Structure formats: structure tokens, C-alpha cells
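Chains as they are written, first to last, in the UniProt record's numbering: chain A, 1 to 690; chain B, 1 to 690. Glycine included, each C-beta is placed from N, C-alpha and C at the ideal position. Values in this document were obtained by computation on a predicted structure and should not be read as measured data. Everything below concerns the one structure shown next.
Shown next as C-alpha cells:
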């Protein structure tokens, strides 16, 4: 210790041995690692130690969660669910029509999609707060991907059938991910990616609305900023002021109700009702002034009646099958990645932080409320109400919902955050609120569709824009810049890719950069030199602890990540450079000779065959330089593999220490006494810090 | 300590603080991390503190390494290089012709490719032992990828031009990887992938040789086992026994020289000369017996003269441009991944371990010699002779070599391990051995090509098979099975994909599985419960150290990997399960209440915004359960980001300890005295192990 009154516990016998974990039979360890990979949350825990009859009931409840809460359903629950169900229906109707237009599909599909899928989810979903519906980003993606090959105007029937088929495949893909417990794939779309992608998509969607706002007949097929701007400004003579004025008025109305509701959180229903109010006011205005004859485009005729079956419309033959599958998979993943009940905390937190939150233009309040209460949203809806959501099970529910939807004239639905937040805030208790919404939509479909005849498209555009503005989360981007520059780059690349390229380019770019980031994480682990903290046996990184002193004659390196094939070459070169630099330093400073290289393996969680070869190579290189390689604290997995590959025999068991302190002690003993390895003699201890 | 005579150093003041590393300006930290990412070996180190004139000379030498050794070249070096150059030329000529046939290219291209590229490499390459030449796997890949779109028989000219174009793009791609310092991308083809892929490719190549061995006229275009077997056994009546007997004799001859040389390592030249001897013997036999008229196919006319220029033949227009680019990139990467001077130690080690090594059918001896000497091969050629190879610089050299080659009628060349090992063993001193080989090939091209007229194809097939058999490295596969089961699965998938699917399927499968493995590594880090080692302050994983005791009332968890977006969700669920299980255990055992969750962050090398959100979420969940979250030993990067995101304020600085021992001490103090956080009071220490 370099400190006279330090007495090392005399009963501790020398240094400790690093244990090799007891060998496990292959099948057992395979079973264990498969379980950890695919069932980290151990979803079948509740089935343990139960009689068979109970197991059967639990199993049914597992598959159809409504069986669990239905028997305990009370009249009071119904009251809450009625109110929240009607609130979300008032949102679902105008938004559904708007988003269907965005997907270049008949507007009635938006209503169909708010009828069947919520009923399916109410049976199979675990979340009690999630509201089912279509989303803008998936609608835009559908339009953009299908539109590349099939023109929605020239061939509306084929386009419609392809949209159903894509929905079908999205459902199959989602259900498969869930069944195969591969839900974690969605986690690879990082928060930063999604922030950038969503903001880009929102920008693009807003730009598309310029067509309706300006009352243009012709518009570019491109979605990028450049072609939209060129298209808009090349036909300034076609701009219709009537349409523009109407659009601006409604946008102002929607944004101001949102602002007002944000100021007084308890009046959240004002902005919740605003879209429906706009639709009613707009329709009345057109009907009374016959504005449809003065350049204000309207929805036109909507067929009465419930969802017609569409199973026969699914296209399972070439030439467009690949397109449908591709569209299905991509929209399906995006739908999952932005889904409320699967939201990662980072995403949920960003939603919360924003304070001004999208589609309904009113969950800002709820979200705002959350900030006040300090409760994170997203998956934490469940956390807050103390129930658990199994992501993979949810994926199966969404998959089933979309498969059922594709057979009943619906297109892709998911659980949009905006609507779920409204649902939550309106006090929903169970998934019955979804059933109430479905019934309200059914009622609309059966009796009220003629009322939408005169609804001006420009009002729908205003509703979309007001919803989209909240998705552009510049505060999140700023937060990323502050905390993690690389995350910020990922975010901006996704945004720029979507806005200046296309939705697909942005998505590919974002996924590629996210993957690249993961690969860089793996490929470039850090190596750190450790020093001794004064008056202690603790060795820490000298960059973080500037007062840590390096030990003369000994280079202590910490490797900061598992050693895998992807970083083995790098680590070999980097460590060689550390040793070269230390040798040069010693040479120039004429210090005591450099004798030992201690590698602290605490942070090396795992190693593969390439990593072991790297260590062997390292040892030879170090030996050739007349130095000695010493390992400190290799973990269980690492020891197991080093043992199997005979590296422990190679390096000698006596050169592996349990702590850096003990390794330094042994090296100092040898350096100063000139004796050979004390083989974990207790003499070592007194040499710990010379 | 639970041990009376243990006295804790009284002068150590309480617990230590975890330091937040001093903030760095953004530009500096960006520069630093870019340097670590792209220049880990600091290749420009030698330029530091040098006068400008010296810098210029060093720069020239850096670009053209031959300038460095040329002035010091001696007559003695020349003697060694002459011998080794002629030895590798005797290998290069028959192998070059064989591999060109394998690529469905005119045989003369094999000779062309052994003339220009070695000269380019001799100027630009850093390795003194590498011998340049074509390789079987890249040849097969070229044939298989180009053959998918263009038939080499029906349209030989287009096929040839596409092969040049693919070589050109391979060169451009390799040079770009080097210039952009992205060489590490090649590291992502793990050792296990390459073992499986190479063995599969070797199997496929051997199967293709059945055509020549059996003297068949017609043969399947497929490369998979099933179609080859069907093709072979559907035309048993076409089998030519003359061809078969000849093939088997030569194969026996080649394999037995190999076996002999392996037994007596100093006679390695016997198997080095065997291929050329076979060619001469075979040609003589055919010439004397007129066997070409009895079903033994021969090479036929080879044009005399040096490489004709082929720059004008490069195809830069559609429709085949994409094909050429794709083929170029894939063969370029494969050429790099199997290149001697870029070989990873794992791969080199496997080569060494095998003892019976391929193409030349004779570096087995050299390799065998290595095993005796205990020196790893591969990049370690350089390590052994004490010079350094910069992988990215080598890539530029290979790229330039292939660009030059594509303009002079050569196809893809690289530095095959087999030939390099022969070169090394024959005693080469510098890259002059490549020049000697090129001169010998030039001599052949100018004067000796007519001699190959009667060379039977079946002899070439025997040379290829004898070379390929060594590539099937079942011992490496067995080693993988023993040490790392997952690596074994990766290896077998690549093998099965190549043999039963196609070379491309195998490659895609192997890359996908390698990537999946990286992603799984990231997505599923391990969490471990720690316990106290008896009579110490050391806390270690209870699985590895069964004698470690858990501390009552405190759950100590270690996270084994950096926390990133890809594993944040998983970790949240897994840690929640740890806490749940601990709560259940406590409940059933009626122990003291469960109060603290200590997270040991030593192995958490880095964290991103998603990871921070996960921690915040965790803290809330733990708080709600009435527990307290304590962090131990977060590293520099982690502390920096936790500080920026205000998590440190959130959790409270007093709940972050430098070691697990100190954290446990503080928690025990609070548990047993009922007092609040001792704020790193030295009283803590005495409560370390109650």
C-alpha cells in the first residue's frame, strides 16, 4: 500500500483463484441459452406447478386475454369505456377518411378499417389502453410503394386488391415474428432512426397536402421536397384561393384548439372533438354555399353498408405478388415499430417530453399531463396500471387483426400512439372502448355515410397537417445532439433521406445506418489503460480518474467489450500499439524496464474462437518482446472457452488472477525480488502497491 | 467480513467517488473517435516530427514499399528469391490454367493473370512472402455468377469482357475499401463462416471435376450436389474409362507426393513440383499414345505472346453492367477475406492446425513445420519476420493490381495462402520472388505455350481436386464444435448452403448468419447475479463461483455488455424478471426484506440514448416497488452520458459507488442501522460484509 499502517488480512490466503464454471451438458446449456434468447420474460412462468385444468384455462386466457377480464367486467367499467370509446370514434372517423385518401384508397376504407380490426384486437390484445386504427406513415408508405408499379387512378381495382394483399402479408409477417419470438428484430430500428424517419414522413405528408390546400388538379407523383416544390410553383396560375382560405381557416382552428387544450389540460376534449367539428362545419359550409362548384373539391359519394368481404380479392399470383409481399413486410415492420404497446421507453419518453403531441392534436394534453406526473407513456401505460405486456404476444394479436382486416376490406391498422393516449386520458378501463368505437363506426357506416358527401378535401388536409406537425420532434433531435452525436447523425440521415429522396430511401438509409452503428459498436471496442487510485487496491481508467497512477514496469489494459470475430483483428492491432507506445515511453524516460502486460478481462462478457486465437497471437507477440502476459478476472463464459481451447494451459494457470490488484501484487513481487511467479503465495500481497 | 481479526484500512476515507471524465470539446472528441475507428494502428506515426524532405521520402516509400527495400537489396537476397520465384512459377502455371478453366475462361488467361498482377504487387505490396495468383473459389464464383446471365459457350466474347469488367470493379471496390479505411468490413466474415464456405466451395469444385474425370461431354449448369449427381448418373453410358483411369492415377500420384512430403518436411519440393510433373507426364502420354482420339480431352491450342491490352473490352453500359458490378464486389470481398496478408489469426491458425494444406498440395509441410515451431502463419508471416502489414494499404495494393490486371487481359487475382506458404518455405526474402515468377511465366507465354497443346483436361482436374481436398477442413469444424457450438452452426450453414444450394446462396446464408450472430450478441447480453467471495471484498458471478454468497436484502446484478437500443428493451424485461424472482424467493423463504438493487456497470462499456431511457424506466419501476436502485462503477463514457442526460441528478450522486463492495457496505449500513444513505461516510466500511 505504500502506507505503513495498512495491514492486509493475514487469514486471506494469498490471491484467489479464478474459477472455471462447472461444465454443463450440451443440451442443458443449449436449452438455457435458447430460453434466454427467445423467452427473456419467461411468459409461461404462471403455468408452473398448476393442475392441468387450471393450465387449460390459463392457456385459453393467454391466447384470448379478454377471457381474463370479461368475468370481472362491471357496469362502472362500461360507463368509462363508453365515454372513451365515443371519444376515440370521433377521432377515428375523420382521421380514417383522411388517411385512406393519403394511401390513394377509397375514403370508405378508412371507416371499414376502424370497424373489424378493433373488434379482433379487443379479443386478442393485452393492452387495455390501446386504440386501433390506421396511421399516416403506413398509409403514405403503401401509396408510395404500390404506386411505383400500379397507378391508383388508371387501375384502381388492381391497386385496391394489392393493398388488401399487402395488408394480408403484413399480418402474416407480424404474426410470424410473434410466433417465432423474433419481436426483438423491431428493436433494431433505434429510437433515433424512428424520430428522424417519422419527422421526415410527416414533412412529406404535409407537402402532399399542398395539393388539396391549393386546390390543384395535377400533382407530382414524387414525394421529395424538390419535385413537390417544382410541381407547386410551376402551376401558380392554377392555385384556387377559395380552397386555400378554407384550408388555412380550419388549420388555424385545429391548431388553436390544440394550443388551448394544452394550456388547460382538463379541457382535452375540446381538441379531441375539433377534427369532427371541422368536418361537420366544412360539410355544412360547402352544402350551403355550393362551394364544390367554385373549386373546393369534396369527398363525393360514399357507399352505405358494412365491410364487404374481400378474401376473394387477395392476389396470390405474379406479376405483383413480390410487390405485395415487400410492401406488406415493410409497412408491417413500420406499424410495429411505431405501435403504442410495443413502444420502447426512449420513444415513449420522447413523446412525453414533446408536450405537444400529434394526430388527434390533443394527446399533447395527456402527454403534458404525464410530464407533470412524471410518468412515462408507451409500454408504461401497462406499467402504470400494473399489468404486463408481452411484445411477442401483441405481435400475434396485430398480425391476426390485419389478416382478418385484409379479408374484410380493411387496410393496414395498428395501435397509433395518438389515439391510444386519447383513449387512456378519456378514462378507458378495458378493450371494450375499442368495441364501442367499432359500434359507433358501424352506426356511421350504416346510416351516416351520405353526410360526408359534401366534406371538403381541404378540411381533411388540414386535419392531416395538424396531426403531422406534432410528429416533427425537433426537441428530440436537439436532445440527441446534446447526449449522443452519433444518434443525431442517424436521425438526420433518416430525415434527409425521406424528405429529399423518398420514404423507401429514408427507411433503407435509416436501417443501414442503424445496422452500421451496431456493427461499429462491435467492431471498435475501447481499450483503456488503468492506474491505481491513491490509497486503495482499486485500479481504474486513467482518463476517467486523472489521479490514478500508472504502475512502473506494468501496463494494465482493460478491454471494454466482448471479443468476437468482428473486433479480434482490431484489438490485436490496438493492443500491439499500446505496447509499442509504452515501450517507446519507457525508452525515452529511462524508467525501470517494462516487464508485464496485465489484461483486465472484467468487461469481456464473451469470447469466440476468433477471439481466442487473437489472445494466442497476443501472447506470442508479447513473449517475443520479452514481456509477460497476465490476465485478470476473466468471466465464466470466457474461462470456459479458454479452458476448452487449452489457452489456460498455454498461458499457465498461475498467470490468471482474480483481481487486477492481485495481479499487480504478484508482478511487483517478481519485479522487485527478482523471484519467479510466486504462485499465488501470500507474500504477493505486501507488494501490492510499491 | 464475518471474521473477527479482519481490520479494514482505517486511513481509507469512506467510499470513493465515481468521477465524470473532464468534458472535451466536441471537435476534439470527434477527431479522437474517428481516429480510433479508422486508424487504430496509427499508420502515420512514423511521419511525426520529421523534416519535410524526410516526410516526402517516407510518403513515397509508404505508397510504393519497394522503394524502401530496393536500395538494401543484395545478391544473396536475389539467390533466395530466384529459387522461391521459380518454385512458385512451377505451381502457378498448371494452377493458373486449371483455375481459368474452372472460371469458364480461356486457359491462357490463367497465365496472363500470373504475369502482370505479380509485377504490380511487387511495387505496391507490403508483404515480402505473399505470392500473387488466381484462386479456385473466386474462379468458381465468377463462373457461377456470370453464368447465370451469360452463357460462356454461346457468347464467349461477352462472357470474357464481363469477366474483365468484374475484375475491374473488384479492383475499384478493394481500392475504395482501403482508401476509405473500411477494411474492417472484411472482418465481419467470421472464421467459422469462411471455414464452412471454403469447404463447401471446395466440395462443389471437386464435384465439377467429375465432368473431366469421367470424360463427359454434357454436364449440368447447376453446382449443387443434387443436380451434379443426377447429371453424372443419368449418363453412365457416356463415362470414358480411359479418362477415369488417367484421372485416378494422377490424383493418386499427387496425393501420395503430398503424403510423402508431409512425412519428410525437408523434401517439400517433391510435392511442389508434382503438379508441373503431372502436366508434363500427362502431355507426353497423350502425345505418344494419341489418347486425345480415345476420349481424353486436351487443352488444345494456346496463343503465343504476352497479355494483349483489354482496356477497350471493359463493358460500362447496360444491360450487364449491374451483373459485372455485383460479381466484382462479391468476388472482390471473397478474394480479400481469403487473402494471405489479411488473414485473421483464427484462419491462419486453422491453416496451421490442419497440417495438410491445399492448392499446392505441399505447403502442408511448411504448415506442418509451423506447428513444430509453434509459429502461427497468415498475417504472422509478417509478425515472424518482424515487419508490419497495414491491412488497408494492402487492400489498395490488391485493388490497383486488379485494375491493372483488368486492362491487360487478366481476371481476379489475390494472394492465395497456399502459394504464399510455398514462397515462404522456399526461402523468399522480398517481393522479387513475384517478379521472378512473372518473368518465368512471361518466358512460358512467349515460347512454351505450344507444349500445353496435349495437356489432358483430366490432369488439370486431378490438380484441382488434390488442391481442393485440403480446403475441406473437418478438423477446424470439429474444433468449432468443441469450443463454440454457435460457430459450428454458422460453419455448417455456410457449407450446406453452398453444397445443396449454390455458391451465392451459401455466401448470403453465411453472411446473414454471421450478421445475425453479431446482432444476437448485441441483442441478448447476459445479466448475472453476483455474490460475495468468502473472506474478501470481492463480488463475483454466483454461477462461476458457487462459493460466492448472496447478500441478504440486496440483489446485485452485473450487466455484461454495452447498453444500446438493440438490447435496452431486453435488459429492461430481464432485469424486471430478476427482481420479480428475487421478490418471490424472499416471500417464500421469509427472509429479511428485499431493499436494494445494485447494478454493477463495470462491463457496460457504453450507453446510448435508448439505454439511458431504459435506466430511467428501471429506476421508476424499482421505486414503485419500494426498492432502491444503486449503481456501481459506471465507466467514463457512461458517466459522461448519464451526466448529460441528467440521470445522475435523477438517481442522486450518492447512490453511485465506485465498487460493488462499497455499494454493499452502504446498503448494509442502511439496512442494519435504519439510517439513511451514509453519503459515503467511512462508517460504511465496517458494514461491508454482515
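Secondary structure note for residue 623 of chain A: its alpha helix (DSSP H) is the uninterrupted segment 609-624. Residue state for residue 57 of chain B is assigned as helix, using DSSP reduced to three classes. Cα atoms of residue 545 of chain B and residue 538 of chain B: separation of roughly 11 Å, rounded to the nearest angstrom. Following the DSSP letters along the chain, one finds residue 431 of chain A in no beta strand (DSSP E), marked with neither H nor E.
Cβ contact annotation for residue 274 of chain A (same chain, cutoff 6 Å, sequence separation greater than five): 254, 257, in chain order. Inter-residue distance for residue 233 of chain A and residue 227 of chain A is about 10 Å (C-alpha atoms, whole angstroms).
Distance from the CA atom of residue 146 of chain A to the CA atom of residue 323 of chain A, rounded to whole angstroms, is 7 Å. Contact with chain A is absent for residue 174 of chain B, since none of that chain's Cβ atoms lies less than 8 Å from the residue's Cβ. Put simply, the backbone Cα of residue 280 of chain A is about 34 Å away from that of residue 502 of chain A.
The beta-carbon of residue 659 of chain A is placed less than 8 Å from the nearest beta-carbon of chain B. Per DSSP, reduced to three states, the secondary structure at residue 270 of chain B is helical.
Judged by their CB atoms, residue 135 of chain A and residue 416 of chain A are nearer to each other than the 8 Å cut-off. One Cα belongs to residue 334 of chain B, the other to residue 132 of chain A, and the distance between them is close to 48 Å. Annotation for residue 477 of chain A: the continuous alpha helix (DSSP H) segment containing it runs 474-483. In the three-state reduction of the DSSP assignment, residue 71 of chain A falls in the helix class.
In the displayed model, residue 152 of chain B falls within coil according to three-state DSSP, outside both helix and strand. Using beta-carbon distances, residue 219 of chain B does not count as an interface residue toward chain A, since no partner is under 8 Å. Using a C-beta cut-off of 8 Å, the stretch 101-120 of chain A makes no contact with the stretch 56-71 of chain A, since fewer than three inter-stretch Cβ pairs fall below that distance.
Our two residues, residue 20 of chain A and residue 636 of chain A, have alpha carbons roughly 6 Å apart in a direct line. In this structure, the straight-line span from the alpha carbon of residue 645 of chain A to that of residue 615 of chain A is close to 11 Å. Rounded to whole angstroms, the gap between the alpha carbons of residue 172 of chain B and residue 162 of chain A is 41 Å.
Under the Cβ distance rule, residue 110 of chain B does not count among the residues neighbouring chain A, no pair being separated by less than 8 Å. Residue state for residue 532 of chain A is assigned as strand, using DSSP reduced to three classes. The three-state reading of DSSP puts residue 538 of chain B in coil, since its state is none of H, G, I, E or B.
Residue A:123 holds the alpha-carbon nearest to the alpha-carbon of residue 70 of chain A among A:34, A:111, A:123. If you draw a 10 Å sphere on the C-beta of residue 196 of chain A, you find 16 or more other C-beta atoms in it, and that means buried.
Contact of residue 538 of chain B with chain A is assigned, a C-beta pair being separated by under 8 Å.
For residue 500 of chain B, the CB contacts under 8 Å within the same chain, skipping 5 residues up- and downstream, are 224, 225, 226 in chain order. Secondary structure of residue 244 of chain A (DSSP, three-state): helix. Among the residues of the stretch 394-406 of chain A, none has a Cβ less than 8 Å away from any Cβ of chain B.
A direct Cα-to-Cα measurement between residue 27 of chain A and residue 650 of chain A gives close to 29 Å. Ranked by Cα distance from residue 269 of chain B, the first of B:437, B:426, B:158, B:639 is B:426. Burial state of residue 116 of chain B is buried, judged by a 10 Å Cβ sphere holding 16 or more other Cβ atoms.
The Cβ of residue 188 of chain A sits closer than 8 Å to at least one Cβ of chain B.
Three or more Cβ pairs drawn from the stretch 295-307 of chain A and the stretch 443-454 of chain A lie within less than 8 Å of each other, which places the two stretches in contact. When the alpha-carbon of residue 44 of chain B is set against those of B:30, B:59, B:53, B:33, the nearest one is in B:59.
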